[in-house]
Amino acid sequence: MIVIQCALCSPSLFQSVEEHCAFVSVVSCSLCVFLAVFVLVCTETLTQRWRRLLGLVVWATHLTMGFTFIFSGPLILPWDQVPFFLFIIFTVYTMLPFQMCYAVVLSVISSLSHIMVLTLCLTVFNTQDPSPFLANQLLSNAVVFLCGSVVGAFHKVLMERALRQTFQDTLRCLGIRMKLEIEKRQQENLLQSVLPVYISMKMKLAIMERLQDCKDKEEQQRLVKDNNFHSLYVKRHENVSILYADIVGFTRLASDCSPKELVIMLNELFGKFDQIAKENECMRIKILGDCYYCVSGLPVSLPMHAKNCVKMGLDMCEAIK
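In terms of our numbering, the sequence shown is residues 102 to 422.
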(Lines of atoms letter the chains of each structure in order from A and count residues from 1; the text may use other names and numbers.)
(Lines give C-alpha, C1' and ligand atoms only; values in the text may rest on other atoms or scores of the structure.)
Protein backbone atom coordinates (compact mmCIF):
# COMPACT_ATOMS: atom_id res chain seq x y z
CA MET A 1 0.00 0.00 0.00
CA ILE A 2 2.88 2.39 0.68
CA VAL A 3 4.27 1.69 -2.80
CA ILE A 4 0.88 2.42 -4.39
CA GLN A 5 0.46 5.64 -2.44
CA CYS A 6 3.96 6.89 -3.30
CA ALA A 7 3.47 5.99 -6.97
CA LEU A 8 0.11 7.74 -7.23
CA CYS A 9 1.36 10.85 -5.47
CA SER A 10 4.42 11.28 -7.71
CA PRO A 11 3.48 13.82 -10.45
CA SER A 12 6.71 13.27 -12.36
CA LEU A 13 5.93 9.66 -13.02
CA PHE A 14 2.17 9.31 -13.13
CA GLN A 15 -0.59 11.54 -14.40
CA SER A 16 -3.66 9.59 -13.28
CA VAL A 17 -4.74 6.25 -11.96
CA GLU A 18 -6.51 5.40 -15.21
CA GLU A 19 -3.30 5.70 -17.20
CA HIS A 20 -1.45 3.37 -14.95
CA CYS A 21 -4.07 0.80 -13.97
CA ALA A 22 -1.62 -1.94 -14.90
CA PHE A 23 0.80 -0.71 -12.28
CA VAL A 24 -1.90 -0.63 -9.59
CA SER A 25 -3.21 -4.05 -10.62
CA VAL A 26 0.23 -5.68 -10.51
CA VAL A 27 1.09 -4.22 -7.12
CA SER A 28 -2.32 -5.20 -5.71
CA CYS A 29 -2.03 -8.74 -7.07
CA SER A 30 1.49 -8.97 -5.67
CA LEU A 31 0.19 -7.96 -2.26
CA CYS A 32 -2.48 -10.67 -2.45
CA VAL A 33 0.14 -13.25 -3.48
CA PHE A 34 2.37 -12.28 -0.57
CA LEU A 35 -0.54 -12.56 1.87
CA ALA A 36 -1.43 -16.00 0.48
CA VAL A 37 2.20 -17.12 0.80
CA PHE A 38 2.26 -15.82 4.37
CA VAL A 39 -0.85 -17.85 5.23
CA LEU A 40 0.65 -20.97 3.64
CA VAL A 41 3.94 -20.46 5.51
CA CYS A 42 2.00 -20.57 8.78
CA THR A 43 0.93 -24.12 7.83
CA GLU A 44 4.02 -26.21 8.51
CA THR A 45 2.97 -29.29 6.51
CA LEU A 46 2.22 -27.33 3.34
CA THR A 47 5.37 -25.26 3.76
CA GLN A 48 7.59 -28.33 3.84
CA ARG A 49 5.86 -29.85 0.81
CA TRP A 50 5.68 -26.75 -1.38
CA ARG A 51 8.66 -24.82 -0.07
CA ARG A 52 10.48 -24.50 -3.39
CA LEU A 53 7.29 -23.74 -5.29
CA LEU A 54 6.38 -20.94 -2.88
CA GLY A 55 9.87 -19.51 -3.28
CA LEU A 56 9.51 -19.51 -7.06
CA VAL A 57 6.14 -17.76 -6.75
CA VAL A 58 7.64 -15.02 -4.58
CA TRP A 59 10.59 -14.59 -6.95
CA ALA A 60 8.38 -14.42 -10.03
CA THR A 61 6.12 -11.89 -8.32
CA HIS A 62 9.08 -9.66 -7.51
CA LEU A 63 10.34 -9.97 -11.08
CA THR A 64 6.93 -9.01 -12.44
CA MET A 65 6.78 -6.00 -10.15
CA GLY A 66 10.26 -4.90 -11.29
CA PHE A 67 9.37 -4.96 -14.98
CA THR A 68 6.05 -3.25 -14.24
CA PHE A 69 7.93 -0.42 -12.54
CA ILE A 70 10.21 -0.13 -15.58
CA PHE A 71 7.40 0.15 -18.13
CA SER A 72 5.14 2.31 -15.96
CA GLY A 73 7.37 5.38 -16.11
CA PRO A 74 7.25 8.04 -18.82
CA LEU A 75 10.82 7.24 -19.89
CA ILE A 76 12.92 4.12 -19.83
CA LEU A 77 16.42 4.88 -18.61
CA PRO A 78 19.48 2.61 -18.50
CA TRP A 79 19.51 2.68 -14.69
CA ASP A 80 15.80 2.02 -14.18
CA GLN A 81 14.98 -0.25 -11.22
CA VAL A 82 18.58 -1.36 -10.65
CA PRO A 83 18.12 -1.07 -6.85
CA PHE A 84 14.91 -3.12 -7.00
CA PHE A 85 16.52 -5.92 -9.01
CA LEU A 86 19.47 -5.82 -6.62
CA PHE A 87 16.93 -6.30 -3.84
CA ILE A 88 15.54 -9.31 -5.74
CA ILE A 89 19.02 -10.82 -5.89
CA PHE A 90 19.51 -10.32 -2.14
CA THR A 91 16.08 -11.81 -1.49
CA VAL A 92 16.91 -14.93 -3.50
CA TYR A 93 20.08 -15.53 -1.49
CA THR A 94 18.97 -14.53 1.97
CA MET A 95 15.20 -15.00 2.34
CA LEU A 96 13.97 -17.63 -0.08
CA PRO A 97 14.42 -21.38 0.64
CA PHE A 98 16.71 -22.29 -2.25
CA GLN A 99 19.93 -24.22 -2.40
CA MET A 100 23.05 -22.45 -3.58
CA CYS A 101 22.84 -23.71 -7.17
CA TYR A 102 19.17 -22.65 -7.55
CA ALA A 103 19.90 -19.26 -5.96
CA VAL A 104 22.75 -18.64 -8.39
CA VAL A 105 20.57 -19.58 -11.38
CA LEU A 106 17.70 -17.32 -10.28
CA SER A 107 20.02 -14.40 -9.59
CA VAL A 108 21.62 -14.80 -13.03
CA ILE A 109 18.18 -14.92 -14.65
CA SER A 110 17.12 -11.78 -12.79
CA SER A 111 20.27 -9.89 -13.79
CA LEU A 112 20.29 -10.98 -17.44
CA SER A 113 16.56 -10.34 -17.88
CA HIS A 114 16.97 -6.78 -16.58
CA ILE A 115 19.97 -6.09 -18.81
CA MET A 116 18.41 -7.69 -21.90
CA VAL A 117 15.07 -5.92 -21.51
CA LEU A 118 16.73 -2.52 -21.09
CA THR A 119 19.04 -3.24 -24.03
CA LEU A 120 16.12 -4.12 -26.32
CA CYS A 121 14.01 -1.19 -25.18
CA LEU A 122 16.82 1.35 -25.57
CA THR A 123 18.17 0.08 -28.90
CA VAL A 124 15.76 -2.01 -30.97
CA PHE A 125 12.45 -0.49 -29.80
CA ASN A 126 13.78 3.02 -29.26
CA THR A 127 12.84 5.61 -31.89
CA GLN A 128 15.61 7.94 -30.79
CA ASP A 129 19.32 7.46 -31.13
CA PRO A 130 20.76 5.46 -28.22
CA SER A 131 23.00 7.20 -25.76
CA PRO A 132 26.74 6.80 -26.39
CA PHE A 133 27.13 5.80 -22.75
CA LEU A 134 24.51 3.06 -22.93
CA ALA A 135 27.05 0.25 -23.05
CA ASN A 136 28.94 1.68 -20.08
CA GLN A 137 25.75 2.03 -18.06
CA LEU A 138 24.61 -1.51 -18.83
CA LEU A 139 28.08 -2.80 -17.96
CA SER A 140 27.86 -0.88 -14.69
CA ASN A 141 24.50 -2.53 -14.02
CA ALA A 142 26.05 -5.94 -14.65
CA VAL A 143 28.89 -5.15 -12.24
CA VAL A 144 26.40 -4.06 -9.57
CA PHE A 145 24.40 -7.25 -10.03
CA LEU A 146 27.58 -9.34 -9.92
CA CYS A 147 28.67 -7.69 -6.67
CA GLY A 148 25.20 -8.27 -5.22
CA SER A 149 25.37 -11.93 -6.20
CA VAL A 150 28.81 -12.32 -4.61
CA VAL A 151 27.66 -10.66 -1.38
CA GLY A 152 24.47 -12.72 -1.32
CA ALA A 153 26.34 -15.97 -1.99
CA PHE A 154 28.86 -15.17 0.74
CA HIS A 155 26.04 -14.50 3.19
CA LYS A 156 24.30 -17.73 2.22
CA VAL A 157 27.50 -19.78 2.68
CA LEU A 158 28.05 -18.31 6.14
CA MET A 159 24.42 -18.91 7.13
CA GLU A 160 24.43 -22.50 5.88
CA ARG A 161 27.67 -23.16 7.72
CA ALA A 162 26.26 -21.68 10.92
CA LEU A 163 23.02 -23.66 10.56
CA ARG A 164 24.96 -26.85 9.86
CA GLN A 165 27.12 -26.27 12.92
CA THR A 166 24.03 -25.60 15.03
CA PHE A 167 22.40 -28.78 13.75
CA GLN A 168 25.50 -30.83 14.49
CA ASP A 169 25.77 -29.35 17.99
CA THR A 170 22.09 -30.05 18.65
CA LEU A 171 22.42 -33.60 17.33
CA ARG A 172 25.51 -34.15 19.47
CA CYS A 173 23.70 -32.78 22.52
CA LEU A 174 20.71 -35.06 21.94
CA GLY A 175 23.03 -38.05 21.52
CA ILE A 176 24.81 -37.26 24.79
CA ARG A 177 21.49 -36.83 26.58
CA MET A 178 20.21 -40.15 25.24
CA LYS A 179 23.44 -41.83 26.29
CA LEU A 180 23.18 -40.31 29.76
CA GLU A 181 19.58 -41.47 30.06
CA ILE A 182 20.53 -45.01 29.04
CA GLU A 183 23.46 -45.09 31.47
CA LYS A 184 21.27 -43.65 34.23
CA ARG A 185 18.63 -46.33 33.60
CA GLN A 186 21.27 -49.05 33.62
CA GLN A 187 22.74 -47.70 36.85
CA GLU A 188 19.30 -47.62 38.48
CA ASN A 189 18.58 -51.17 37.33
CA LEU A 190 21.93 -52.33 38.69
CA LEU A 191 21.34 -50.58 42.01
CA GLN A 192 17.83 -51.96 42.35
CA SER A 193 19.07 -55.47 41.56
CA VAL A 194 21.26 -55.47 44.69
CA LEU A 195 19.24 -53.18 46.97
CA PRO A 196 15.53 -52.74 47.66
CA VAL A 197 13.92 -49.83 45.89
CA TYR A 198 13.19 -47.77 49.00
CA ILE A 199 16.79 -48.11 50.24
CA SER A 200 18.30 -47.23 46.86
CA MET A 201 16.05 -44.17 46.57
CA LYS A 202 16.96 -43.08 50.09
CA MET A 203 20.66 -43.46 49.25
CA LYS A 204 20.31 -41.44 46.03
CA LEU A 205 18.46 -38.61 47.79
CA ALA A 206 21.10 -38.44 50.52
CA ILE A 207 23.92 -38.26 47.98
CA MET A 208 22.13 -35.54 45.99
CA GLU A 209 21.53 -33.48 49.13
CA ARG A 210 25.22 -33.67 50.07
CA LEU A 211 26.24 -32.61 46.56
CA GLN A 212 23.80 -29.69 46.56
CA ASP A 213 25.10 -28.44 49.90
CA CYS A 214 28.68 -28.48 48.59
CA LYS A 215 29.45 -25.69 46.09
CA ASP A 216 33.06 -26.58 45.33
CA LYS A 217 33.48 -28.97 42.39
CA GLU A 218 36.55 -30.69 43.84
CA GLU A 219 34.74 -31.17 47.14
CA GLN A 220 31.81 -32.74 45.26
CA GLN A 221 34.13 -35.20 43.54
CA ARG A 222 35.69 -36.09 46.87
CA LEU A 223 32.27 -36.68 48.43
CA VAL A 224 31.21 -38.88 45.52
CA LYS A 225 34.43 -40.85 45.73
CA ASP A 226 34.78 -41.26 49.50
CA ASN A 227 31.50 -40.81 51.36
CA ASN A 228 28.79 -42.53 49.34
CA PHE A 229 28.85 -45.77 51.31
CA HIS A 230 29.99 -44.48 54.73
CA SER A 231 26.42 -43.82 55.85
CA LEU A 232 24.26 -46.70 56.98
CA TYR A 233 20.82 -46.83 55.44
CA VAL A 234 19.16 -49.16 57.94
CA LYS A 235 15.51 -49.54 58.75
CA ARG A 236 14.16 -51.86 61.38
CA HIS A 237 11.35 -54.23 60.36
CA GLU A 238 9.28 -56.36 62.72
CA ASN A 239 7.36 -59.52 61.92
CA VAL A 240 9.20 -60.79 58.89
CA SER A 241 10.14 -64.27 57.80
CA ILE A 242 13.42 -65.18 56.06
CA LEU A 243 13.88 -68.25 53.89
CA TYR A 244 17.30 -69.84 53.36
CA ALA A 245 17.23 -72.37 50.54
CA ASP A 246 20.28 -74.51 49.80
CA ILE A 247 20.49 -76.93 46.87
CA VAL A 248 21.37 -80.42 48.13
CA GLY A 249 24.12 -82.17 46.18
CA PHE A 250 25.35 -79.01 44.53
CA THR A 251 29.02 -79.99 44.95
CA ARG A 252 28.52 -83.33 43.20
CA LEU A 253 26.44 -81.62 40.51
CA ALA A 254 29.14 -79.02 39.94
CA SER A 255 31.78 -81.73 39.46
CA ASP A 256 29.65 -83.61 36.93
CA CYS A 257 28.76 -80.57 34.75
CA SER A 258 30.88 -78.18 32.76
CA PRO A 259 31.03 -74.55 33.96
CA LYS A 260 28.87 -73.38 31.08
CA GLU A 261 26.19 -76.00 31.73
CA LEU A 262 26.25 -75.23 35.45
CA VAL A 263 25.78 -71.49 34.92
CA ILE A 264 22.93 -72.04 32.46
CA MET A 265 21.20 -74.44 34.85
CA LEU A 266 21.56 -72.14 37.88
CA ASN A 267 20.36 -69.15 35.88
CA GLU A 268 17.24 -71.02 34.82
CA LEU A 269 16.64 -72.35 38.32
CA PHE A 270 17.08 -69.02 40.10
CA GLY A 271 14.90 -67.37 37.47
CA LYS A 272 12.12 -69.78 38.45
CA PHE A 273 12.79 -68.99 42.12
CA ASP A 274 12.38 -65.28 41.44
CA GLN A 275 9.06 -65.89 39.72
CA ILE A 276 7.88 -68.07 42.63
CA ALA A 277 8.98 -65.38 45.11
CA LYS A 278 6.94 -62.81 43.25
CA GLU A 279 3.86 -65.05 43.30
CA ASN A 280 4.24 -65.65 47.05
CA GLU A 281 4.89 -62.01 47.97
CA CYS A 282 8.53 -62.65 48.87
CA MET A 283 11.56 -60.54 48.01
CA ARG A 284 14.92 -62.02 47.10
CA ILE A 285 17.71 -60.74 49.33
CA LYS A 286 20.78 -62.45 48.01
CA ILE A 287 22.18 -65.35 45.96
CA LEU A 288 25.37 -66.85 47.33
CA GLY A 289 26.60 -69.80 45.31
CA ASP A 290 23.80 -72.34 45.48
CA CYS A 291 22.07 -70.61 48.40
CA TYR A 292 18.96 -68.53 47.79
CA TYR A 293 17.86 -65.96 50.42
CA CYS A 294 14.42 -64.36 50.39
CA VAL A 295 12.19 -62.56 52.89
CA SER A 296 8.46 -61.98 53.25
CA GLY A 297 7.07 -58.86 54.90
CA LEU A 298 9.36 -56.32 53.20
CA PRO A 299 9.11 -53.51 52.36
CA VAL A 300 5.39 -53.65 53.30
CA SER A 301 4.52 -55.60 56.43
CA LEU A 302 2.34 -58.64 55.75
CA PRO A 303 0.37 -60.60 58.35
CA MET A 304 0.85 -63.85 56.37
CA HIS A 305 4.65 -63.55 56.03
CA ALA A 306 5.37 -66.93 57.64
CA LYS A 307 2.83 -68.72 55.47
CA ASN A 308 4.27 -67.08 52.39
CA CYS A 309 7.78 -68.36 53.18
CA VAL A 310 6.50 -71.89 53.81
CA LYS A 311 4.58 -71.90 50.55
CA MET A 312 7.64 -70.43 48.82
CA GLY A 313 9.78 -73.32 50.05
CA LEU A 314 7.25 -75.92 48.91
CA ASP A 315 6.96 -74.34 45.48
CA MET A 316 10.77 -74.29 45.19
CA CYS A 317 10.89 -78.01 45.89
CA GLU A 318 8.30 -78.60 43.18
CA ALA A 319 10.29 -76.45 40.75
CA ILE A 320 13.47 -78.45 41.41
CA LYS A 321 11.67 -81.70 40.71
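We put the CB at the ideal spot given by N, CA and C, even for glycine.
Range of the contiguous beta strand (DSSP E) that encloses residue i
i: C383; result: C383 to L389
Cross-strand partners of residue i (DSSP beta bridge)
i: I343; result: V396
Residue i versus residue j: straight-line alpha-carbon distance, rounded
i: L403; j: S301; result: 22 Å
i: I388; j: G414; result: 15 Å
i: V352; j: C358; result: The amino acid occupying residue 352 in the given sequence is Thr; Val does not appear at that position. Rounded to the nearest angstrom, the two C-alpha atoms are 10 Å apart.
i: I171; j: W151; result: 31 Å
i: I421; j: Q313; result: 50 Å
i: R153; j: A137; result: 15 Å
i: L223; j: W180; result: 11 Å
i: V205; j: G253; result: 9 Å
i: S294; j: Y194; result: 59 Å
i: F268; j: Y394; result: 52 Å
i: I210; j: D270; result: 36 Å
i: L132; j: Q200; result: 26 Å
i: N242; j: F168; result: 15 Å
i: Y334; j: L259; result: 57 Å
i: S356; j: L306; result: 46 Å
i: Y216; j: L164; result: In the sequence as presented, Tyr is not what sits at residue 216; that position holds Ile. Distance between the alpha carbons of I216 and L164: 13 Å.
i: C418; j: L370; result: 11 Å
i: M196; j: F185; result: 15 Å
Terminal residues of the alpha helix (DSSP H) in which residue i lies
i: K422; result: Run containing K422: none; DSSP gives neither H nor E here.
i: K361; result: P360 to E380
i: R273; result: L235 to V295
i: F199; result: Premise fails: F199 is in no alpha helix (DSSP H) and is neither H nor E.
i: I348; result: Careful: I348 lies outside any alpha helix (DSSP H) and carries neither H nor E.
i: H163; result: R152 to S173
Supposed contact pair residue j and residue i - C-beta distance, whole angstroms, cut 8 Å
i: S208; j: S250; result: 5 Å
i: I190; j: S212; result: 7 Å
i: N381; j: D416; result: 7 Å
Any non-hydrogen atom of the ligand ADP within 7 Å of residue i CB
i: D270; result: Among the components modelled here there is no ligand, and therefore nothing to report on the ligand ADP.
**Asked** Do the stretch 332-343 and the stretch 399-419 touch if we need at least three Cβ pairs shorter than 8 Å?
**Response** The stretch 332-343 vs the stretch 399-419: in contact.
**Request:** Report yes or no: do the stretch 371-390 and the stretch 273-281 share at least 3 C-beta pairs separated by less than 8 Å?
**Result:** Output reads no: the stretch 273-281 does not touch the stretch 371-390.
**Prompt:** Is it true that the stretch 260-270 meets the stretch 292-300, where meeting means three or more beta-carbon pairs spaced less than 8 Å apart?
**Reply:** Here the stretch 260-270 does not lie against the stretch 292-300, with fewer than 3 beta-carbon pairs under 8 Å apart.
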